[in-house]
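Colleague:
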Amino acid sequence: MAKALIGILLDVSDSMRRNVGSGVDEDGGPWALSIFEVIDNLIKHDVSPDNSVFALAFGARGGDQLLDILTCLQSSKCDQKATDDQVEKIFRILEGAGAKYIRKWARREVVQGVFTRHKASLFLEKAESDEDFPKTFVQMCLPPECRVFPGGALAAQLLTGAEHACASVWSSIREATEEDIQGALTKAQPLLVSFKPRIFNVKEASDVLHGYIDEGELSKERSRELLEKVEPYIYGATPLYQAIRTATKCFEKHASTFQSHKKLLFVLSDGDPTDGGENDSAAIKKVATRLENAGVTVVGCFVTQSKTIQPRQMFSKMNTNWDSGSKFLFSLSSTITTQSIPRTMFVKRDWSIDFENNETRLFLQVNHPDHLRDACDLARNVVCSQEALSDLLADVDLDVYINQPILIIIIADKGNMPALIGILLDVSGSMERNIGSGIDEDGEPWARSIFEVIDNLIKYDVSADNHVFAVGFGANEGEQIFDILGTLQRIHLHNRAFDRNDKPVTRGHLNEIFKVLEKAGARYIRKWADVEVARKVVPDYTADLLLRKCQSDQSFARKFVMEFLPPACRDWHTEDNPLLGLVETVATSVVTTFKRATTEDVKDVIDKAAPHLMKRSVGEDSIFNVRKASDILHGCFDEEELSKERSRELLRRIEPYIYGGTPLYESIERATNLMRTSEVSSHEKVLFVLSDGKPGDGAIDDHWRKSEAVSGFKNAEVNVVSCFVTDSTTIEPRRLYSEMKPDWHEGAQFLFSLSSILTTQSIPRTMFVKRDWSIEVKNNETRLFLQVNHPDHLRDACDLARDVVCSQEAGARYIRKWADVEVARSVIPDYTADLLLRKFQSDQATVLMRSNEVSCHKKVLFVLSDGEPRDGAIDDLVKKNEAVSNLTDAEEALSDLLADVDLDVYINQSVRDYEAQAKQEGQTCFAHASATVLHLTMKRIHGRQGKIPDFEELKNEMIGHFGKEAAVIKTVLEKMCNKYRLRYKQVDLKGAMEAVASSRPVVATFGLTLNEWGRFYEFFETDGKGILTKRVIDITARPENPKGFGHAVVLTSFNSEYLRLLNSKGSDWADNGFFKVQNADVLGFKFYDVHWEVEDLNEKEKTSFKELGSKRAKWLMETLPSLQRDDYTVNCPRCQQDSPVKKFTGNLSGAKCPKCNKEFNLKNVPKGNILALNIYLTASST
């Protein structure tokens, strides 16, 4: 954990007393009581003992108006008498200042009875730093008898006789008592108060505050005692500028001593300086810049009695309605990027944050003690804590282990699980009437946005394993629910088939069509339509659609005959009217004289029928691969964004079928059935519902049907994102809610009730970083529900659905839980784990682990037990070894869970270890890529004997062996892996993504023609941070047998938009040596995963891994020293007595009390999580 130097500026002026009074004190006492709690909250508990602090109060009466609080209070323990040397120095200083007879008035032993060493030190320090202080002390604090007579040389001559006369009577004057000397010191106390801040170690500062009593919290009584000591000196003016300059000088003066420390200045005030203007922007900027140059982070805390402030909120911009003092402190506070704020702060408390340009201000407003504590927590956690540790601990849910004590916990990394995205789009007449063009930025029909919704939910998808369906509900005739993507695909294929007609209708299909139509009443269809004429016009694709439609829907066949074919083809209904039989006979005799159908006639009939053939019903074939879906939307053109023209074209194709009723309940049922399809059983599932929330097939307040829908989603493991569309301007877009609001539109309430609940830990911070979002987190959860009235908000809703629920980022983040879970393995002895693994091999645990559905997943088996098997001997070595071998089949199981990796790389997702090296010489990309991956793989082997070769050594070794010309990557890896006890294998994209998610960079190779290489480098020279797509290089458009030139790079990371790779062109190329590609198909990548398995390790390396868990546990123990404090106690539910947390023993499911020696379950014990954590770390560190 990084060390910190914490500076604290506390406003103790009369302005604060008038403006705040007792406003922020919960017991109604003077607000100044809180200043001691502020200091204590900033330094207590988990802050490293290497941290230091100074506390400067501004607003003292008289003198420099500054007061070093901690120095002022430090006299509590310094009760030793002043030394003879200290008293002698004081006497000499006072004699020099005019107290010629000080020794006759005050005897040394009496002075030592009052002066402690600490007070004497203060006196001497003040005398040395302030040459006027001794004279002032003599004149104001000592009695006249001590002093020489004032005046010049002439006065001295005139008064010599009088002086001698006085001296002759000293023996008759009373000597000073201890009370006299204490009185003199009391008069001098305001002069002795130190205004130059002294830096304390936090442990020393804590002792000063607590009076050297080891109490957990600073008591009210102690705070009042401290205030009594300080109050005589406070309630003066407000020299805020002077205080800031003094604090800055302190940071600057000690810069070298605290070079490695983080520096924080916490300013608590009402923000009204008396030594400068609160609106003087130039002066504020000057002091703020100086602090920034000193590397100091400033947290401004505005204290007020006002009830209109917004506590627990961080702001990006100043509010014009704020008080001038609030504006002053806001301007002084530091700007911080939102990534730097640990999520734990949001989880623990109901905070909201303003995001603008990916940053916010460390400024808060408080009017209550709870808010003041929050301000201290913010300062300590955001600025001083190690974020990686904070987030890591926040992700470990000990309740899982405590509430399920004897449980197999199987955690699978869902980062690379394929996703199924379902989309329900309301295209009803209700939406047209209520919204119209309300949310379209160009004033066109809102329905055009539905295609952008689909595109935004699937675009930039890296994995080809992801799938999607898009169901429209609200068709204007026939079945009201239809497959939007399937319908667009049919229209496209129909149009293409008609344009080309390279596959005319077969005679067999045409004969079947004629049969169906004859049966439906077109008795003379064969006489009207010649077979060869029909085959010239009708493609087989369209004929097949027509045949299936007529066969499945007799009413449509009749409609086709009566409305689309000419009357001459139809029956005359002779069975209903015998008179028509004669007419029919006459007509039949002359039918041969009728005009036979031309190609134009046949085409006209098909055009009339086509709209009825294109609408596709919803079924299992409605689920598309995302690549296919993208091609359908974009018309197979590789454009990054769906153009306005393309959206309009798609709407023209779909519009004939929409603006009908609103079968919302039925569409939900259909979507749920699709989610249950066996082909997508292993997919992560999300359903995106876009509607105005007004079902037409049931009551909007039908609680039973709503509950049934929600239950169906849960059973199918579907996350539902509901998006309420409206043209209202009173909604709150970019906001997630925990509770339904009573004043919402009934449609919004309906959709809110459908939406899924998400714990706030599950929301990736990048969502907040990218856009100005706010979130309700009541009970640590929120709903996936949004309201939109603008296209930008609609895009945000899509991003929420994709990034929060489906993206690799959200899943890969959970792998960080693994390391902490695996450290817990050291709680359980190896022999116990081995025996239980044997049992699990034959039981359901191993069956689950070996299931095909999770064959590509990382696997963790967490075992909790007393370790006493009932199905075999505890010392059966054969069984134990068999059990171990059964669970070491997975590659790098040990590596993934206990590898000694750089936390900055693998927790904070930094790329410092992947820095681009010097530009390659010749055709040596094979050596650059291989050296990078080999070095990082070996670095993961904890305890490897001998020096691990670095990048340069490995690169030069390969160049020395293979030369500077191109080499086959498989040959290179084969040789190098054999030498260094490593392995490699060729993997597909999915395997490569799994490796990267497990912190293993992967070698990637591809080849391009000379022309393609020219476009490749031209693109990245123009836009180094751009994403290369098929639109720039289309390798599928190459001629046959092109001459290609290969290249090797390193795949280092990926997300839902691109793959990120490291080239060997040096850090000046593209994005600091890295480049981005939309997906693997763009360049036709081949991937090689370099790894090792347990059997590749020697005994020393295996032992080192076992020791690593203990080392990490010890590190955590040192990082959280409060767990070892005697005052950190838990009440035993058995004997009702408190004992220090560190004294309890046991395991994660139960503990034993050190006093009554009885065991109890941790499930319902207050502080049970903390107790379990301490037991777990203590056991792990031994």
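Residue numbers (full-length UniProt numbering): 1 to 1182.
We put the CB at the ideal spot given by N, CA and C, even for glycine.
Identify whether serine 1064 lies in helix, strand or coil by the three-state DSSP scheme.
Modeller: coil
Colleague: Please report the distance separating the alpha-carbon of alanine 120 from that of cysteine 301.
Modeller: 36 Å
Colleague: Cα separation between histidine 790 and isoleucine 1033?
Modeller: 35 Å
Colleague: Figure out for me which residue from Asn956, Arg1000, Val1090 and Ser1053 has the closest Cα to the Cα of lysine 985.
Modeller: Val1090
Colleague: Can you grab the Cα-Cα spacing for the pair lysine 1065 / threonine 1052, in whole Å?
Modeller: 16 Å
Colleague: Return the chain-ordered list of same chain residues with a C-beta closer than 7 Å to the C-beta of threonine 1129, the five sequence neighbours on each side being excluded.
Modeller: Asp1138, Ser1139, Pro1140 and Val1141
Colleague: Can the beta-carbon of arginine 61 be found closer than 8 Å to that of tyrosine 235?
Modeller: yes
Colleague: Looking only at its own chain, which residues have a Cβ that is under 8 Å from the Cβ of leucine 329, when we skip the five neighbours before and after it?
Modeller: Val267, Ser269, Gly271, Gly300, Cys301, Phe302 and Phe363
Colleague: At what residues does the beta strand (DSSP E) containing glutamine 242 begin and finish?
Modeller: No beta strand (DSSP E) contains glutamine 242, which is instead part of the alpha helix (DSSP H) from 240-253.
Colleague: Output yes or no for whether 8 Å exceeds the beta carbon distance between phenylalanine 514 and leucine 664.
Modeller: The Cβ-Cβ distance between phenylalanine 514 and leucine 664 does not fall below 8 Å.
Colleague: Just how far apart, CA to CA, sit valine 12 and threonine 246?
Modeller: 16 Å
Colleague: Since leucine 1008 and phenylalanine 1016 are thought to touch, with beta carbons under 8 Å apart, how far apart are those beta carbons, to the nearest angstrom?
Modeller: 6 Å
Colleague: Assuming contact is defined by CB atoms lying nearer than 8 Å, are valine 689 and asparagine 719 in contact in what I supplied?
Modeller: no
Colleague: Which complete alpha helix (DSSP H) runs does the region 464-500 hold, if anything under 4 residues is left out?
Modeller: The region 464-500 contains these whole alpha helix (DSSP H) runs: 484-500.
Colleague: Here's a check: name, in chain order, each residue in its chain whose Cβ is nearer than 7 Å to the Cβ of glycine 1073, leaving out the five neighbours to either side.
Modeller: Ala916, Leu1062, Asn1063, Lys1065, Gly1066 and Ser1067
Colleague: Between lysine 615 and phenylalanine 752, how many whole angstroms is the CB-CB distance? I'm expecting something under 8 Å.
Modeller: Wrong, their Cβ atoms sit about 31 Å apart, outside the cutoff.
Colleague: Can you look up proline 144 in the DSSP assignment and give me helix, strand or coil?
Modeller: helix
Colleague: Determine the direct distance from the alpha carbon of asparagine 501 to that of proline 539, and round the result to whole angstroms.
Modeller: 5 Å
Colleague: Taking Cβ to Cβ, would you say threonine 454 is nearer than 8 Å to isoleucine 423?
Modeller: The amino acid occupying residue 454 in the given sequence is isoleucine; threonine does not appear at that position. The answer is yes: Cβ separation under 8 Å.
Colleague: Quick one: residues in its chain with C-beta nearer than 6 Å to the C-beta of residue 1183, no 5 flanking neighbours on either side, listed in chain order?
Modeller: Nothing can be reported for residue 1183, as the shown portion of the chain is limited to 1 through 1182.
Colleague: For isoleucine 450, which of Pro239, Asp207, Met675 and Glu655 has the nearest alpha-carbon?
Modeller: In terms of CA proximity to isoleucine 450, Glu655 leads the group Pro239, Asp207, Met675 and Glu655.
Colleague: Quick check: the region 175-182 against the region 103-112, are there 3 or more CB pairs under 8 Å?
Modeller: By the criterion of at least three beta-carbon pairs nearer than 8 Å, the region 175-182 is in contact with the region 103-112.
Colleague: Pull up the distance between the alpha-carbon of alanine 294 and that of histidine 261, whole angstroms please.
Modeller: 12 Å
Colleague: Can you give me the C-alpha to C-alpha distance between asparagine 978 and serine 998, rounded to a whole angstrom?
Modeller: 22 Å
Colleague: First and last residue of the beta strand (DSSP E) that includes serine 1139?
Modeller: 1138-1140
Colleague: What residue range is occupied by the uninterrupted beta strand (DSSP E) comprising leucine 1008?
Modeller: 1002-1008
Colleague: I'd like the span of the beta strand (DSSP E) that includes glutamine 986, first residue to last.
Modeller: 983-987
Colleague: Assuming alanine 470 contacts valine 505 under a Cβ cut-off of 8 Å, what Cβ separation, rounded to an integer in Å, is found between them?
Modeller: Not confirmed; about 30 Å, so no contact.
Colleague: With which residues is proline 539 paired in a DSSP beta bridge?
Modeller: Pro504
Colleague: Please classify asparagine 1161: does DSSP put it in a helix, a strand, or coil?
Modeller: strand
Colleague: What residue from Arg652, Lys549 and Asp280 has the CA that sits closest to isoleucine 484's CA?
Modeller: Arg652
Colleague: In angstroms with no decimal places, state the Cα-to-Cα distance between glycine 276 and proline 311.
Modeller: 27 Å
Colleague: According to DSSP, methionine 314 sits in a beta bridge with which residue or residues?
Modeller: By DSSP's assignment, methionine 314 forms a beta bridge with Ile353.
Colleague: Looking only at its chain, what residues have a beta carbon closer than 8 Å to the beta carbon of lysine 135, apart from the 5 residues adjacent to it on each side?
Modeller: Ala97 and Gly98
Colleague: Tell me the rounded alpha-carbon separation between serine 738 and methionine 958.
Modeller: 58 Å
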